[in-house]
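Using this note's numbering, you'd call the opening residue of the sequence shown number 1365 and step up by one each time. Data block below; observations after.
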Amino acid sequence: MDMYMPGGFVSRPDRPPGVSTPRSAVSVLLSRRGRFRPTPFDICPRIPSMAHRVRRLAFCHAPTDAHASLPSWKPSPVMNTPIRYRLVACVLALASVVTLPGCRQEPAPAAQPASGPAAQSAAQPPAASAQAPQPSAQPALAPADLERIVTEVMDQAYPGARDAEHGCWTYAFETQQDELAYCMRPHPAREVATASGPTVYFHASNATDIRGNPDYAYAAPDPGLMAAFRLSVSPDGRWTLLGSEKGMPFGTAGGCGCEDATFVRLGRETYGWTFTSGGMWQGVIVSDHEIVAPSGQGFKDISDIPDIREDAQDVEYRIAVISDDPQRDAYPLRVEKYRGDRKVGERTVEFDRAKGMYAGIGDF
């Protein structure tokens, strides 16, 4: 049975491929893990910018309206008092501030600083409550150290494959049909504080800007690749690899959609990336929300939540991680349903421990 453990998600059996109408090119091509079985006449060029949808993972919620009404003005009772009474009151008030001759006024004692436990607690900010580890506000590692570590990890993962001209590492990936060439380019590393010490995460995506090289030309059904790495770092700067995946297939036409993946906290001590990937066939867009998280000594996609469905082209689903309780091992997701710019529904999706993933949203 698939279970969740702190620090990562255990593996689960591959989800079954999507099933749709007979001879649906979308359902056949978009089966998970890049295992595509297309027919040439079903394929149209893919929209090349599906990754931009990941920027919509963070939601802006307008604050609730709270306008306190001003009290209505009423005349003061003093204003209705006859003038002669008000004159007497003014004379008495003036006399009360006049110092009588021969009387010595003692100066008021100067204000002294408060003392005692209550005053000390007021003068000092309260201690921060214990919370689950957050991304380090003051990174322990300098940017140069992080860059060095990323380079060393990539050299170890792809030995002798560095392409200095393009800033990437060549990698051969086998599909069900043939072997494809990719050049994996790392993205900036993120350091987080955990109970066991500093942990560094970074991911890489295949380069899509290499021109004039037929090895990096992809057909519509060819997936893009994402690599993910997690490692601990000792005080002397040495690193230990905790988990890695050198090439996970996502997307189509050589684009994984993970170039701009968002690094997020998924649980008390679990971090990963969210992005969208998919493609377009014969004018029909199909894409999914991907969540890549640690799983044992590797990584895997733990999301089965759609972004745009084949049979509902005017509907888009947006997700956000709900981290109200930072001590939870796995945070739930908020899934919002939009038709155009109008929000038409919302649902909370919990992490399914039995399946080891955020299961689908049904007919929502």
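Ideal Cβ placement from N, Cα and C applies to all residues, glycine included.
- Secondary structure of residue 1512 (DSSP, three-state): helix.
- CA-to-CA, the gap between residue 1641 and residue 1651 works out to about 5 Å.
- Only buried fits residue 1674, as 16 or more other CB atoms lie within 10 angstroms of its CB.
- About 13 Å separates the CB atoms of residue 1657 and residue 1626; that is not less than 8 Å, and the two are not in contact.
- Taken in chain order, the whole beta strand (DSSP E) runs of length 3 or more contained in the region 1619-1693 are 1626-1631, 1634-1645, 1648-1659, 1662-1665, 1669-1672 and 1679-1685.
- When DSSP reads this structure, residue 1605 sits in a beta bridge with 1595.
- The region 1578-1592 makes contact with the region 1605-1617: 3 or more CB pairs, one atom from each, lie closer than 8 Å.
- Nearest to residue 1718 by C-alpha distance, out of 1577, 1698, 1694 and 1699, is 1694.
- Taking C-beta separations shorter than 6 Å and ignoring five residues to either side along the sequence, the partners of residue 1605 in its chain run 1595, following chain order.
- Straight through space, the alpha carbons of residue 1533 and residue 1722 are spaced by roughly 32 Å.
- Bridge partners of residue 1716 according to DSSP: 1721.
- Between the C-alpha atoms of residue 1685 and residue 1630 there is a straight-line separation of about 7 Å.
- Scanning its chain for C-beta atoms nearer than 8 Å, with the 5 sequence neighbours on each side dropped, one finds around residue 1610 the residues 1521, 1522, 1535, 1548 and 1591, in chain order.
- According to the DSSP assignment, residue 1545 belongs to the beta strand (DSSP E) that extends over 1543-1550.
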